[in-house]
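All residue numbers for the sequence shown refer to our numbering, where the first residue is 309 and numbers rise by one. This report refers to the structure that appears directly beneath it.
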Amino acid sequence: MIVNPTYKDNMEKQKIILDCDPGHDDAVAIMLAGKNPAIDVLGITIVAGNQTLEKTTKNALNICQYLDLNIPVYPGCGRPMIREQMIAADIHGVTGLDGTHFEPLTKKSENKHAVQFIIDTLMASDGDITLVSTGPLTNYAMALRLEPAITTKIKQFVLMGGSYQLGNVTPAAEFNIIADADAAHVVFTLGRKIVMIGLDVTRKVLCYPSIVERMGKLNNKASKLFIDLMNFYNHSQKEVFGLDGGPLHDPVTIAYLIDQSVVTTKAMYTEIDIRSTQSYGRTNCDYFGYLKKEPNSFVGIDIDVDKFWDIIENGMKIY
Ligand code: BDR
Ligand code: CA
Numbered sequence: 309m310i311v312n313p314t315y316k317d318n319m320e321k322q323k324i325i326l327d328c329d330p331g332h333d334d335a336v337a338i339m340l341a342g343k344n345p346a347i348d349v350l351g352i353t354i355v356a357g358n359q360t361l362e363k364t365t366k367n368a369l370n371i372c373q374y375l376d377l378n379i380p381v382y383p384g385c386g387r388p389m390i391r392e393q394m395i396a397a398d399i400h401g402v403t404g405l406d407g408t409h410f411e412p413l414t415k416k417s418e419n420k421h422a423v424q425f426i427i428d429t430l431m432a433s434d435g436d437i438t439l440v441s442t443g444p445l446t447n448y449a450m451a452l453r454l455e456p457a458i459t460t461k462i463k464q465f466v467l468m469g470g471s472y473q474l475g476n477v478t479p480a481a482e483f484n485i486i487a488d489a490d491a492a493h494v495v496f497t498l499g500r501k502i503v504m505i506g507l508d509v510t511r512k513v514l515c516y517p518s519i520v521e522r523m524g525k526l527n528n529k530a531s532k533l534f535i536d537l538m539n540f541y542n543h544s545q546k547e548v549f550g551l552d553g554g555p556l557h558d559p560v561t562i563a564y565l566i567d568q569s570v571v572t573t574k575a576m577y578t579e580i581d582i583r584s585t586q587s588y589g590r591t592n593c594d595y596f597g598y599l600k601k602e603p604n605s606f607v608g609i610d611i612d613v614d615k616f617w618d619i620i621e622n623g624m625k626i627y
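Written out as structure tokens, the structure is:
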């Protein structure tokens, strides 16, 4: 039986590892978590996804340097566990963070591999660390294969990925899951609590020009970066999906940790499709409980849109 933590838990400073592939929306997730009094980011671990590992690592370092975030950055896996690599240059550009401008980079990444950092940090913990994922799940899955003893040390996964309805790479599959479906399979068959923030909710937080304008009024470092990020991101979302505002997927994970009431979840049994051709990478979420299997995930089914933008705005005011 998996148990959803109480709202009180959510009010305490929560230790997280943030595994990501920046990425425009990953950048906003880092921004939201980086200085938030509700969150303690123990490390940022990097995976290939939106772009190659070299580029996603550089992007994370640039974001941390620009925002004065003293958080260690650990490069991780540059390839999925088994399948061919997939990137999302159509959405995030050739750098993975097109539209941004940074000073020359002086912040260095750590020498320790992300997978080893995840293992060492979990093993030394009291089981109170949330594993956040806003990219393919390769690093976490590899850590679980390298050191299975970390399993019981994981408080929960809070991940952006999947959809119980439609995908965004194929009709069935969402990018973070299809990019390394085998890794997702490892995580979803683990038996630890998973909060799955999928496209079903993230497609409801569209960053319309009015939102960009609202955040721009803060006129600080964070809001300036936000404007650059969203101007490029919204343009590609318009080109690829015809949307007037890009879905701000990844920060929903952090917003959920800051205030759990922002996302409504439903306990479901979720299985990753790693066998079929047409629906490969789909998160098959048993919404109606047809399969009579014990739920292994809390799947986001709704989001309080106004509250979400308030959390983003308040998070940026800290800078
Ligand atoms: C996910 O894919 C990436 O392009 C975004 O950063 C987000 O994590 C959305 O499908
Ligand atoms: Ca991402």
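We put the beta carbon where it would ideally sit given N, CA and C, even for glycine.
Count the other CB atoms within 10 Å of the CB of Pro-555; is the residue buried (16 or more) or exposed (fewer)? In summary, Pro-555 is buried, with 16 or more beta-carbon neighbours lying within 10 Å of its beta-carbon over all protein chains present.
Taking the alpha helix (DSSP H) that Asn-484 belongs to, which residues open and close that run? Going by DSSP, Asn-484 is part of the alpha helix (DSSP H) stretching over 483–486.
Distance, Ala-449 Cα to Val-494 Cα: Between Val-494 and Ala-449, the C-alpha separation is close to 6 Å.
Quick check on the DSSP output: what are the complete beta strand (DSSP E) runs of length 3 or more inside the segment 540–590, in order along the chain? As far as the segment 540–590 is concerned, its whole beta strand (DSSP E) runs of at least 3 residues are 571–576 and 578–580.
Return helix, strand or coil for Val-516, following the three-state DSSP convention. The displayed chain sequence assigns Tyr, not Val, to residue 516. DSSP, read as helix, strand or coil, puts Tyr-516 in coil.
Measuring CA to CA, which of Leu-326, Asp-333, Met-339 and Asp-327 is closest to Lys-625? The option with the nearest alpha carbon to Lys-625 is Met-339.
Report buried or exposed for Lys-685, applying the criterion of at least 16 other Cβ atoms within 10 angstroms of its Cβ. The shown model of the chain, from 309 to 627, leaves out residue 685, and the question about it has no answer.
Hey, is Thr-561 close to ligand 1, as in C-beta under 7 Å from one of its heavy atoms? No.
To the nearest angstrom, how far is the alpha carbon of Thr-478 from that of Ser-587? Taking the straight line from one Cα to the other gives about 8 Å.
Sequence-distant residues of the same chain with beta carbon closer than 8 Å to Lys-574, five excluded per side: The residues are Tyr-595, Phe-606, Val-607 and Ile-609.
Is any non-hydrogen atom of ligand 4 found closer than 7 Å to the C-beta of Glu-482, if you look at the structure I gave you? Judged by which ligands are present, ligand 4 is missing from the structure shown, whose ligands are ligand 1 and ligand 2.
Cβ neighbour criterion (16 or more within 10 Å) applied to Asp-614: Exposed.
Could you spell out where the alpha helix (DSSP H) holding Gly-623 opens and where it closes? In this chain, the alpha helix (DSSP H) harbouring Gly-623 covers 613–625.
Element boundaries [alpha helix (DSSP H), containing Asp-333]: 332–342 is the extent of the alpha helix (DSSP H) around Asp-333.
Does Met-504 pass the burial test, meaning 16 or more other C-beta atoms within 10 Å, or should it be called exposed? The residue is buried, with at least 16 neighbouring Cβ atoms inside 10 Å.
Boundaries of the alpha helix (DSSP H) in which Gln-424 is found, first to last residue: Where Gln-424 is concerned, the enclosing alpha helix (DSSP H) stretches over 422–431.
Using DSSP bridges, identify the partner residues of Asn-604. Answer is none; Asn-604 lacks a bridge partner.
Local Cβ density within 10 Å of Phe-540, reported as buried at 16 or more and exposed below that: When all chains shown are included, Phe-540 counts as buried.
Could you check if Thr-442 belongs to the surroundings of ligand 1, using beta carbon to heavy atom distance under 7 Å? Yes, ligand 1 has a heavy atom inside 7 Å of this Cβ.
Among Glu-482, Ala-356, Glu-455 and Phe-534, which residue has its Cα nearest to the Cα of Gly-623? Of the candidates Glu-482, Ala-356, Glu-455 and Phe-534, the one whose C-alpha sits nearest the C-alpha of Gly-623 is Phe-534.
Out of curiosity, what's the CA-to-CA distance linking Asp-317 and Leu-350? Any reading at Asp-317 needs caution, since the residue's pLDDT is 47, under 50, leaving its predicted position unreliable; the model's value is listed next. Approximately 18 Å, taken between the alpha carbons.
May I ask you to verify whether the segment 415–422 touches the segment 379–397, counting CB pairs closer than 8 Å and requiring at least 3? Cβ pair count under 8 Å is three or more, so yes.
For Lys-529, collect the residues of the same chain with a Cβ closer than 6 Å to its Cβ; drop the 5 residues on either side in sequence, then sort them by chain order. Tyr-627.
Along the chain, where does the alpha helix (DSSP H) that runs through Leu-498 open and close? Segment: none, Leu-498 is in no alpha helix (DSSP H) and carries neither H nor E.
What does DSSP give as the partner residues of Thr-438 in its beta bridges? Under DSSP, Thr-438 shares a beta bridge with Ile-324 and Gln-464.
Which same chain residues, not among the five before or five after Gln-322, have their C-beta less than 7 Å away from its C-beta? A distance below 7 Å between beta-carbons, with the five flanking residues on each side excluded, links Gln-322 to the following residues of its chain, in chain order: Ala-346, Ile-347, Asp-348, Thr-438 and Leu-565.
Taking 6 Å as the limit between beta carbons, can you name the residues of its chain near Gln-359, skipping five residues before and five after? Its chain contains Ile-395 and Gly-404 as the residues whose beta carbon lies nearer than 6 Å to that of Gln-359, once the 5 sequence neighbours on both sides are disregarded; these appear in chain order.
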